[in-house]
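Structure record follows, encoded as structure tokens.
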Ligand code: SF4
């Protein structure tokens with residue numbers, strides 16, 4: 098019987114297996130300032146060396162300010178965590194893309210950009226959205242601080258094998274819907290724990306049509322369906338993207354690698370534990386209304402009515418979510434007014450996302466009742482966007498143009514919602530308090546966020562004129 | 013990680029059920045960048061009268077002289093419930109506890125104990141009650157916890173057997189944390205790496 102892509106990557110990385118526990122070899126370990134300090138300290142206490150410095154790459158992102166990055170950081174805890182990261186990288190010989198370096202940015206934007214993310218590899222990071230790298234056909238997942246230390250010390254991880262799920266997305270990818278809409282629709286259908294225990298592989302026409310950036314958006318949010326990781330088979334687009342990146346293999350070695358990467362796709366007779374099917378013709382632009390990413394409907398939808406819920410548990414969940422979100426049942430989504438717009442995060446802050454938002458913003462003005470910020474995912478994205486004049490388009494329309502970082506995705510820096518403020522956000526989590534205590538988050542695509550900034554309420558991006 | 017084989021030590025009683033990780037180590041102490049320095053904050057809100065932790069609360073049992081230097085904690089149901097924070101076992105260990113005896117533990121906390129060299133012992137509620145009854149009136153009462161034999165013995169000669177997962181037991185007896193366990197296979201890792209470098213040389217950054 099054939100193998101799935103997941104099985105192929107898994108099998109190629111098992112060092113040892115015992116009672117269902119495997120020691121899995123890790124090709125790339127990405128490190129940021131928040132989840133790594135105790136891991137490095139653990140190494141010091143146990144007097145263990147870092148096993149493989151040239152497989153370990155670090156970047157500060159979660160805490161960094163997005164204004165005046167060249168000035169000293171005001172918040173003492175952030176400053177200390179970033180300083181600690183610097184010291185740890187120095188002491189253990191880890192490459193650091195520090196503030197002020199054009200390569201700095203959100204870890205999941207930076208690693209692919211630098212060519213650190215390769216098909217067929219295993220990648221871990223102390224951050225759940227490590228699933229992003231699955232867009233290249235890499236087995237990538239988030240780990241806890243003890244595991245970070247384990248990888249630092251051994252270049253391996255103890256793992257139990259996940260089950261496999263195939264999500265088939267048929268139908269073409271038109272310019273009417275975005276990868277963000279597709280992934281929100283998937284989570285809406287299978288639920289936030291629908292993927293628990295699985296690695297999800299995406300396949301089908303829409304996935305083949307998708308750019309690498311779009312595939313990253315899809316794999317990024319796979320974690321929101323509760324899955325361990327997302328995977329997409331590498332193809333010509335993947336190889337083109339990777340060629341000549343700073344850390345990708347060069348010349349003959351690259352060609353050799355491509356030869357092997359072509360064999361990664363799941364075999365035609367491979368068996369998945371579960372298969373779920375979607376068709377793009379059924380998917381419209383999505384907007385979340387609740388406090389988890391599965392609480393979602395489309396732009397023509399309404400805020401749900403708890404009275405019509407199928408069971409008391411759902412009823413309770415909807416009620417609680419609407420109360421937190423300050424929404425009245427049956428309100429049409431298009432009538433929801435917003436106060437803030439955040440375009441950024443590892444879900445939607447790459448060049449393609451910014452282009453899409455700029456196409457909407459061009460020649461328009463942000464509504465006077467809305468404050469909107471655009472936070473590019475990395476220094477390179479920022480530079481490229483500025484080269485294309487996107488920053489001018491945004492600024493002329495009244496968006497703030499910021500410096501790279503996680504920013505209002507998790508509000509660990511100064512970019513926060515105030516209690517009760519309502520935000521159209523391109524990030525990945527709408528949990529209570531995620532963007533600031535009492536803040537209300539609606540997850541949308543970059544196009545939908547930009548349109549909402551201009552009209553002041555959710556508006557169908559498809560009917561909006563783009564330039 | 014320090015091995016746990018057999019220890020005879022002073023036992024302290026904490027007569028509460030559902031002691032959660034927030035009580036063990038409140039969240040204001042989690043912003044540290046170190047994995048040490050949590051011992052002084054163990055049970056902070058119970059242990060101190062002030063926020064800065066300078067005035068010990070005389071009413072909190074662990075502050076009483078008779079428990080100074082205790083290394084075994086005997087307590088009630090569902091110890092360690094709440095968040096998955098590993099700071100909880102870090103704090104207990106740094107304070108000095110090597111074994112915790114209770115009728116039940118929260119799942120993640122239970123596993124985190126083994127990862128950090130603490131032995132969590134499950135006895136049934138009537139046995140725990142007997143321990144309380146014996147320790148309470150006897151100041152300086154020491155228990156013997158034997159992981160090899162999987163037994164807890166008291167000065168009055170009570171002997172209670174317990175069981176733990178053989179895999180976890182083996183690791184604790186040898187003092188192997190997850191990393192230590194994996195490093196037993198260091199040779200295989202090196203060998204794997206060598207082969208892998210031949211089959212997928214492009215994965216290696218020079
Ligand atoms: S952008 Fe948000 S989700 Fe992504 S790594 Fe940063 S905090 Fe996590």
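Residue numbers (the numbering used here), protein chains in the order written: chain W, 98 to 564; chain G, 13 to 218.
Note that the Cβ used here is the ideal one computed from N, Cα and C, for glycine as well.
Since this is a predicted model, take the numbers as computed values, not measurements.
Same chain, Cβ closer than 7 Å to residue i, five either side skipped, listed in chain order
| i | result |
| --- | --- |
| residue 426/W | 400, 401, 402, 403, 419 |
| residue 173/G | 162, 163 |
| residue 206/W | 443, 446, 447, 474, 475, 478 |
| residue 482/W | 448, 451, 473, 488 |
| residue 238/W | 221, 227, 228, 325, 326 |
| residue 421/W | 388, 529 |
| residue 110/W | 121, 122, 219 |
| residue 17/G | 159, 160, 185 |
For residue j and residue i, the rounded distance between their alpha carbons
| i | j | result |
| --- | --- | --- |
| residue 190/G | residue 245/W | 12 Å |
| residue 397/W | residue 540/W | 15 Å |
| residue 149/W | residue 212/G | 17 Å |
| residue 452/W | residue 280/W | 20 Å |
| residue 354/W | residue 214/G | 6 Å |
| residue 313/W | residue 116/W | 34 Å |
| residue 507/W | residue 311/W | 22 Å |
| residue 390/W | residue 163/W | 25 Å |
| residue 219/W | residue 254/W | 10 Å |
| residue 247/W | residue 367/W | 32 Å |
| residue 423/W | residue 498/W | 29 Å |
| residue 406/W | residue 288/W | 15 Å |
| residue 393/W | residue 284/W | 8 Å |
| residue 315/W | residue 495/W | 29 Å |
| residue 524/W | residue 509/W | 14 Å |
| residue 559/W | residue 100/W | 40 Å |
| residue 98/W | residue 364/W | 9 Å |
| residue 563/W | residue 351/W | 39 Å |
| residue 130/G | residue 218/G | 41 Å |
| residue 511/W | residue 62/G | 30 Å |
| residue 200/G | residue 178/G | 23 Å |
| residue 454/W | residue 411/W | 35 Å |
| residue 133/W | residue 491/W | 35 Å |
Top-ranked residue by Cα proximity to residue i, from the options
| i | options | result |
| --- | --- | --- |
| residue 140/W | 188/W, 166/W, 157/W | 188/W |
| residue 74/G | 100/G, 64/G, 87/G | 87/G |
| residue 263/W | 371/W, 331/W, 305/W | 371/W |
| residue 317/W | 445/W, 113/W, 135/W, 560/W | 445/W |
| residue 105/W | 333/W, 261/W, 133/W | 261/W |
| residue 376/W | 269/W, 191/W, 454/W | 269/W |
| residue 102/W | 359/W, 144/W, 434/W | 359/W |
| residue 223/W | 242/W, 535/W, 168/W, 408/W | 242/W |
| residue 98/G | 124/G, 109/G, 114/G, 111/G | 124/G |
| residue 339/W | 382/W, 209/W, 240/W, 235/W | 209/W |
| residue 128/G | 114/G, 185/G, 155/G, 209/G | 185/G |
| residue 140/G | 116/G, 158/G, 126/G | 116/G |
| residue 330/W | 173/W, 233/W, 515/W, 107/W | 233/W |
| residue 168/W | 192/W, 197/W, 151/W | 197/W |
| residue 214/W | 236/W, 378/W, 500/W, 440/W | 236/W |
| residue 328/W | 112/W, 166/W, 292/W | 292/W |
| residue 59/G | 35/G, 81/G, 196/G, 39/G | 35/G |
| residue 15/G | 175/G, 203/G, 57/G, 192/G | 192/G |
Same chain only: Cβ atoms within 6 Å of residue i, ignoring 5 sequence neighbours per side
| i | result |
| --- | --- |
| residue 431/W | 555 |
| residue 521/W | 435, 438, 539, 541, 546, 549 |
| residue 265/W | 300, 301, 374 |
Cutoff 8 Å; reference residue i; Cβ partners in own chain excluding five residues on either side
| i | result |
| --- | --- |
| residue 357/W | 217 |
| residue 153/G | 22, 23, 146, 147, 166, 167 |
| residue 449/W | 308, 310, 311 |
| residue 93/G | 30, 31, 32, 33, 118, 121 |
| residue 428/W | 399, 400 |
Residue i Cβ short of 6 Å to the ligand ZN heavy atom set
| i | result |
| --- | --- |
| residue 511/W | Looking for the ligand ZN in the displayed structure turns up nothing; the ligands present are the ligand SF4. |
Minimum Cβ-Cβ distance from residue i to chain B less than 7 Å
| i | result |
| --- | --- |
| residue 46/G | No chain B appears in the structure shown, which is made up of the protein chains W and G. |
Tell me, please, whether the stretch 543-551 of chain W touches the stretch 446-460 of chain W by the rule of three or more beta-carbon pairs shorter than 8 Å. yes
Check whether the stretch 102-115 of chain G and the stretch 33-52 of chain G are in contact - that is, three or more C-beta pairs closer than 8 Å. yes
Spell out a yes or no on whether the stretch 474-485 of chain W and the stretch 194-204 of chain W are touching, meaning 3 or more CB-CB pairs, one atom from each, closer than 8 Å. yes
Can we say the stretch 18-37 of chain G touches the stretch 135-148 of chain G, given the rule of at least three CB pairs closer than 8 Å? yes
Taking three-plus beta-carbon pairs below 8 Å as touching, is the stretch 293-302 of chain W in contact with the stretch 333-340 of chain W? no
Counting pairs of beta carbons, one from the stretch 181-196 of chain W and one from the stretch 154-161 of chain W, are three or more of them closer than 8 Å? yes
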